[in-house]
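Asks: Residue numbers for the sequence shown follow our numbering, beginning at 3 and rising by one.
From the three backbone atoms N, C-alpha and C, an ideal C-beta is built for every residue, glycine too.
What you are looking at is a predicted structure, and each value in this text was computed from that prediction instead of being measured.
There's a structure below that I have some questions on.
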Amino acid sequence: MEEGTLIRWLKKEGEEVTENEPIAEIETDKAAMEIPSFVTGTISRLLFEEGAVVPVGQPIAGVLEPGETEAIEAPTASTTDAGPAEEASPATDQAVEASQAEQPPGVLAHVTNPETVQETPPQPPKEETRAPSAAPGAPIAPPSPEEAAPAAGNGDRVLASPLAKKIAADAGVDLRALQGTGPNGRIVEADVKEYLQRTPEGAPRTAQPAPPTTQPATPPAPQPAPQPMASQHLAAPRDERKLSTMRKTIARRLLESKQSIPHFYVTTEIDMGAAQEFHAQLKAAQVEGRAKSSIVDMIVKACALALVKYPDVNAQFTGEAIRYPANVNIGYAITVEGGLMVPVIRECERKTLHQIAGDRRALVEKTQAGKLTPPEYEGGTFTISNMGTFDVESFIAIVNPPQSAILAVGSILDQVVAVDGQMEIRPRMKVTLSADHRVVDGVLAAQFLQELKRLLQNPISLVE
């Protein structure tokens, strides 16, 4: 993980915080997590807006420890709370903007003496006397992009990244004419570049003095007739192509897997009649307070026992050696909004069906609530991807590195088969093992599937 998205602040500037008390929520590659304060004290500064993408290791807040007398500073352009920042002069806002423009995106510089940078960039004399508290809807010429971009507050500021502000200022673009696609409508670099591409060459890109109009945020320059529809047409696919942190991680890891791992695939079909009957017996003998096991839990347990017998399928390729984990930790793929997560059920070979059921159910609930922690989705040695509930007969899955194999589970379907020379309708399930040929050979993959099939067709062996 190289960066995370700051979802929301749990503390405000000026509030007290104790050590290990959550201060913010961060969206990681896999889930939303609370970030604790490392010290006890008073929040002096929040360095990033909600929705900002923050590099790992970057400070996000300042805390005054007990006994420190430094005054708590007013919110800067990076905060979204209304307060003293709204009362800053245009020169102060301009100084902060100039300082931000010299830094990487997302990094905020604190300017203690705005007069030292007041001339960068230059500000028209007529704007120096402009009252910052002027009503935004007044029938006067809209402010310049230098003034509009750093303006902030509850509804008065244009929410934009520092890089987007810099590009807009250099090109003379009024940010109020753009529709942001970032978190909470934040204008990002791509929004400004897209606007520049579709703006006719030579057309004004800032709001011009004009009589009051019903659409003050739209540049008054004449546009070709089909232009508004083209803009609306482009907005939807651009939003759809925007990648979340989770989707970026999925794309990177799966590409890495397919490019670096020599996959091969082996499929078998399992008669699930005995497994269904055994599940019905377990359900009838259910003990109150104990988790109910399902067919999925039986598959997890059967995989664990088969992996104990064939540990190479549970092994990991390191480049110089093959590593054999001490336990069978099975990841179970779960669909979530915007992607896929794989929480890990640990030490499956040692757990009963009911224990596996309890662990899996708890992990599913935390996954769907977006509350998984790294220890709950790291350290898997084998993965199961189940699409049986979606009426999928069979499919192949991509190995999740550094693991060596993944099992794709299809639906249980009634099929006409020959049993002892007679035609019968039996519940059948297809499973496909995707394996890393650097660790697992074809015969070994077939032997693993044979053992898995034997266990599921003789389910009493799962409780021995």
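Using 8 Å as the threshold, is the C-beta distance between Pro57 and Gly275 below it?
Replies: For this step, residue 57 is matched to residue 55 along the sequence shown. For this step, residue 275 is matched to residue 273 along the sequence shown. Taking 8 Å as the Cβ cut-off, Pro57 and Gly275 do not qualify as a contacting pair.
Asks: Can you tell me which of the three DSSP states Pro57 falls into?
Replies: Here residue 57 refers to the residue found at position 55 when the sequence shown is read from its first residue. Strand, per DSSP.
Asks: According to DSSP, simplified to helix, strand and coil, what is Glu15?
Replies: Numbered from its first residue, the sequence shown carries residue 15 at position 13. If DSSP states are grouped into helix, strand and coil, Glu15 belongs with coil.
Asks: Could you tell me the alpha carbon to alpha carbon distance between Leu446 and Lys285, rounded to whole angstroms?
Replies: As a first step, residue 446 must be located in the sequence shown, where it is residue number 444. As a first step, residue 285 must be located in the sequence shown, where it is residue number 283. Roughly 34 Å between the two C-alpha positions.
Asks: Starting from Ile45, trace the alpha helix (DSSP H) in both directions and tell me its first and last residue.
Replies: Against the sequence shown, residue 45 aligns to sequence position 43. Per DSSP, Ile45 belongs to no alpha helix (DSSP H); it is in the beta strand (DSSP E), Gly43 to Leu48.
Asks: For Met425, count the other beta carbons within 10 Å of its own beta carbon; 16 or more makes it buried, fewer makes it exposed. Which is it?
Replies: Looking up residue 425 in the sequence shown gives position 423. With fewer than 16 other Cβ atoms within 10 Å, it is exposed.
Asks: How big is the Cα-Cα spacing for Leu457 and Tyr267?
Replies: As a first step, residue 457 must be located in the sequence shown, where it is residue number 455. As a first step, residue 267 must be located in the sequence shown, where it is residue number 265. When rounded, the distance between both Cα atoms is 21 Å.
Asks: Consult DSSP for Glu104 and reduce its assignment to one of helix, strand or coil.
Replies: Taking the sequence shown and counting its residues from 1, one reaches residue 104 at position 102. The predicted position of Glu104 is uncertain, since its pLDDT is 41 and thus under 50; a value taken from the coordinates is nonetheless stated next. Coil at Glu104, not helix or strand.
Asks: With a threshold of 16 other CB atoms inside 10 Å of the CB of Ser387, please say whether the residue is buried or exposed.
Replies: Walking along the sequence shown from the start, residue 387 turns up at place 385. Answer is buried; the Cβ neighbour count reaches 16.
Asks: Thinking just about the alpha-carbon of each residue, which of Val298, Val315 and Asn316 is nearest to the one in Ala335?
Replies: Within the sequence shown, residue 335 is the residue found at index 333, counting from 1. The shortest C-alpha separation from Ala335 is found at Val298.
Asks: Please identify the residue among Leu454, Phe319 and Gly372 whose C-alpha is closest to the C-alpha of Ser406.
Replies: Position 404 of the sequence shown, counted from the first residue, corresponds to residue 406. Among Leu454, Phe319 and Gly372, the Cα nearest to that of Ser406 is on Phe319.
Asks: How far does the beta strand (DSSP E) with Lys353 in it extend, from its first residue to its last?
Replies: Start at 1 with the first residue of the sequence shown, and residue 353 comes out as number 351. That residue, Lys353, is in no beta strand (DSSP E); it is neither H nor E in DSSP.
Asks: Could you please give the first and the last residue of the uninterrupted alpha helix (DSSP H) stretch that includes Phe280?
Replies: For the purposes of this step, residue 280 is taken as the residue at position 278 of the sequence shown. Phe280 -> alpha helix (DSSP H) spans Gly275 to Ala286.
Asks: Measuring alpha carbon to alpha carbon, tell me which of Glu191, Gly382, Ile400 and Ala410 ends up nearest Met389.
Replies: In the sequence shown, residue 389 corresponds to position 387, counting from 1. Considering only alpha carbons, the answer is Ala410.
Asks: Under 6 Å Cβ to Cβ from Ile22, same chain only, skipping five residues before and after it: list those, please.
Replies: Start at 1 with the first residue of the sequence shown, and residue 22 comes out as number 20. The identity of residue 22 in the sequence shown is Asn, whereas the question assumes Ile. Around Asn22: Pro38.
Asks: Compare the C-alpha of Asp9 against each of Ala371, Lys244, Val330 and Gly53 and name the closest.
Replies: Within the sequence shown, the letter at position 7 stands for residue 9. A small fix is needed here, since residue 9 is Ile in this sequence, not Asp. The shortest C-alpha separation from Ile9 is found at Gly53.
Asks: For Arg254, report the span of its alpha helix (DSSP H) as first-last.
Replies: Your numbering for residue 254 matches position 252 in the sequence shown. Counting along the chain, the alpha helix (DSSP H) containing Arg254 begins and ends at Thr247 to Ser262.
Asks: Beta strand (DSSP E) containing Gln459: first to last residue?
Replies: On the sequence shown, residue 459 is found 457 positions in, with the first residue counted as 1. Looking at the DSSP string, Gln459 is not in any beta strand (DSSP E); the run it does join, the alpha helix (DSSP H), is Gly444 to Gln459.
Asks: What span of residues does the beta strand (DSSP E) with Leu342 cover, start to end?
Replies: By 1-based counting over the sequence shown, the position of residue 342 is 340. Looking at the DSSP string, the run of the beta strand (DSSP E) that includes Leu342 is Gly341 to Met343.
Asks: Could you tell me the alpha carbon to alpha carbon distance between Ile408 and Asp416, rounded to whole angstroms?
Replies: In the sequence shown, residue 408 corresponds to position 406, counting from 1. In the sequence shown, residue 416 corresponds to position 414, counting from 1. So the two alpha carbons sit approximately 25 Å from each other.
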